[in-house]
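Quick mapping for you: the protein sequence lines, in order, are chains A and B. If you're matching positions, the first sequence starts at 1 in the numbering used here and goes up one per residue. If you're matching positions, the second sequence starts at 1 in the numbering used here and goes up one per residue. By construction, the Cβ of each residue, glycine as well, lies at the ideal position given by its N, Cα and C atoms.
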Amino acid sequence: TLSLLALSPSGSMAACTTTNGASHKIPGRVGDGPIPGSGSYVDSTAGACGATGDGDLMMRLLPCYQAVESLRRGLSAQEAADDAVRRIIARYPGARTGIVVMDNRGEHAAAASGWEFTYSYRGKGMENAEVVVVKAL
Amino acid sequence: SPPLIINTWSGPFTAATNAAYLTLSNSSSTSLDAVQAGCQACQTNQCDNTVGFGGSPDESCETTLDALIMDGQTLNAGAVANLRRVKDAVGVARHVLDYTQHTLLAGDQATQFALQNGFEEESLSTENSLRACHEWRSNNCQPNYRSNVLPNPLSSCGPYSPSSTSLTQNNIPNPSSSDHSHD
């Protein structure tokens with residue numbers, strides 16, 4: 001799954017998710033990818049979030065909605081990401097999750113559980129994308 | 001500092017980072033255009049086989065696609081779920097956003113919407129996805145997402161029917177599932 005977030009120089013933000021889902025799923029199954037607040041979520045007045053992982057579990061807790069609303073309440077991007085993942089593993093300790101969070105000033109962070117997660121970013125003046133490795137909570 | 005793009009994963013997924021960044025660096029493009037370009041890059045490149053056509057076949061060996069695009073200024077969103085036989089899932093999602101008042105279209109009707117909007121109908125299967133599905137069947141359909149059915153889904157393929165014994169809770173993902181079997 002790819003979830004991707006953008007922040008323009010004018011301050012507008014957008015998010016997208018695209019995926020072919022889980023292998024060997026039951027025909028008709030849909031995971032978290034296309035669900036606003038789960039696969040991704042964005043509100044330019046607060047920030048944006050993208051997610052990947054065990055979609056059948058993650059879509060029950062809307063981690064990206066949670067993370068963006070946490071930004072609105074004043075948490076940092078790292079605190080918001082950690083909080084969203086901790087809420088999932090509190091109910092599903094074995095869940096594999098990875099979420100990226102960016103506030104509307106461009107501060108970004110990520111949190112994960114169940115695996116080593118990576119994310120990529122590229123901002124003004126950068127020649128290439130940089131990769132960040134995130135250890136599981 | 002902006003223009004700024006951030007996305008899940010690395011390796012082949014940085015093609016999406018760069019495509020979105022270059023789009024956003026063009027002053028005539030919006031952040032919505034940028035995320036669409038990034039997602040389309042991974043769909044075309046079949047990033048990690050977890051994005052786009054030719055990956056994650058279902059029990060019937062079919063690949064279906066899900067996508068979401070969201071505008072942070074308006075909170076307008078467009079999405080498609082279980083999209084069949086159309087490759088550009090995020091492109092169709094953008095059409096849901098731009099040309100409807102709905103948020104999410106699903107299944108064959110999402111395909112019909114795509115075709116009405118000029119998208120091409122084509123198979124999403126590849127030799128690799130069909131091989132993965134056939135290998136799964138040869139391996140007694142393991143890993144398997146069914147539960148509380150007969151025959152035992154941990155050792156047998158279907159067809160399945162509900163078990164008459166008491167239901168068991170199964171909130172933990174199948175531990176034998178591979179790293180690629182996720183959203």
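{"query": "Flag B/P153 as yes if its beta-carbon sits less than 8 Å from any beta-carbon of chain A, otherwise no.", "result": "no"}
{"query": "Alpha carbon to alpha carbon, how far is A/V42 from A/G74? Give it in angstroms, no decimals.", "result": "16 Å"}
{"query": "Counting only Cβ pairs nearer than 7 Å, list the residues of chain A close to B/T201.", "result": "Look at the range of chain B in this structure, 1 to 183, and you will see that residue 201 of chain B is not part of it."}
{"query": "For chain A, is any of its Cβ atoms less than 8 Å away from the one on B/Q101?", "result": "no"}
{"query": "Does DSSP classify A/I63 as helix, strand or coil?", "result": "At residue 63 of chain A the sequence reads Pro, which differs from the Ile that was named. Looking at A/P63 - three-state DSSP - the assignment turns out to be helix."}
{"query": "Leaving out five residues before and five after B/A77 in sequence, what residues of the same chain have Cβ atoms less than 6 Å from its Cβ?", "result": "M70, T103"}
{"query": "Tell whether a beta-carbon distance below 8 Å holds between A/V101 and A/G47.", "result": "yes"}
{"query": "In the structure shown, what three-state DSSP assignment does A/E130 receive?", "result": "strand"}
{"query": "Any C-beta of chain A within less than 7 Å: which residues of the stretch 31–43 of chain B qualify?", "result": "S31, L32, A34, V35, Q36, G38, C39, C42, Q43"}
{"query": "Is there a Cβ from chain A that is less than 8 Å from the Cβ of B/V149?", "result": "no"}
{"query": "When the cut-off is 8 Å and only beta carbons count, does A/I26 lie next to chain B?", "result": "yes"}
{"query": "Report the rounded CA-to-CA distance for A/M13 versus B/T165, giving the unit in angstroms.", "result": "51 Å"}
{"query": "Is any heavy atom in the ligand FMN found nearer than 7 Å to the beta carbon of A/T118?", "result": "With respect to the ligand FMN, the structure offers nothing, as it holds no ligand at all."}
{"query": "Can you name the residues of chain A whose CB is closer than 7 Å to the CB of B/Q73?", "result": "S12, S44"}
{"query": "Which whole-angstrom value is the C-beta distance of A/S44 and A/C64, which I expect to be below 8 Å?", "result": "About 15 Å; that fails the 8 Å criterion."}
{"query": "Give the C-beta separation of B/S234 and A/S23 to the nearest angstrom, bearing in mind that I take them to be a contact with Cβ-Cβ under 8 Å.", "result": "Nothing in the structure corresponds to residue 234 of chain B, since chain B is present only between 1 and 183."}
{"query": "Could you compute how far the alpha carbon of B/S25 sits from the alpha carbon of A/A90?", "result": "40 Å"}
{"query": "For the stretch 52–71 of chain A and the stretch 79–98 of chain B, state whether three or more C-beta atom pairs, one from each stretch, are separated by less than 8 Å.", "result": "no"}
{"query": "To which residues of the same chain is B/C157 closer than 7 Å at the C-beta, ignoring the five residues directly before and after it?", "result": "R137, N140, C141"}
{"query": "If you count every other CB in all the chains shown that lies within 10 Å of the CB of A/P27, and 16 or more means buried, which is it?", "result": "exposed"}
{"query": "Where does B/P143 sit, in a helix, a strand or coil, going by DSSP?", "result": "coil"}
{"query": "Just checking: is the beta-carbon of B/S176 within a distance shorter than 8 Å of some beta-carbon in chain A?", "result": "Only weak support exists for where B/S176 lies, its pLDDT of 47 falling under 50; the coordinates are left without a value."}
{"query": "How about A/S76 and A/E116: are their beta carbons less than 8 Å apart?", "result": "no"}
{"query": "Could you spell out the range, first to last residue, of the beta strand (DSSP E) harbouring B/H134?", "result": "Per DSSP, B/H134 belongs to no beta strand (DSSP E); it is in the alpha helix (DSSP H), 127–138."}
{"query": "Output the distance between the C-alpha atoms of B/E120 and A/G123, rounded to the nearest integer angstrom.", "result": "34 Å"}
{"query": "Starting from the beta carbon of B/L104, find every residue of chain A whose beta carbon is closer than 7 Å, and list them in chain order.", "result": "P34"}
{"query": "Given this structure, state the Cα-to-Cα distance separating B/L154 from B/S147, to the nearest angstrom.", "result": "9 Å"}
{"query": "In terms of DSSP beta bridges, what is A/C49 paired with?", "result": "A/Y41, A/V101"}
{"query": "Quick one: Cα of B/A106 to Cα of A/C49, how far?", "result": "23 Å"}
{"query": "Report, in whole angstroms, the separation of the C-beta atoms of B/D66 and A/G33, which I expect to be a contact under 8 Å.", "result": "4 Å"}
{"query": "At a Cβ threshold of 8 Å, is A/P63 touching chain B?", "result": "no"}
{"query": "Please work out which residues of its chain come closer than 7 Å, Cβ to Cβ, to A/T52, disregarding the five sequence neighbours upstream and downstream, and give them in chain order.", "result": "T1, S3, G98"}
{"query": "Using a beta-carbon distance below 8 Å, is A/A22 in contact with chain B?", "result": "yes"}
{"query": "Does A/P27 come out as helix, strand or coil in the three-state DSSP assignment?", "result": "coil"}
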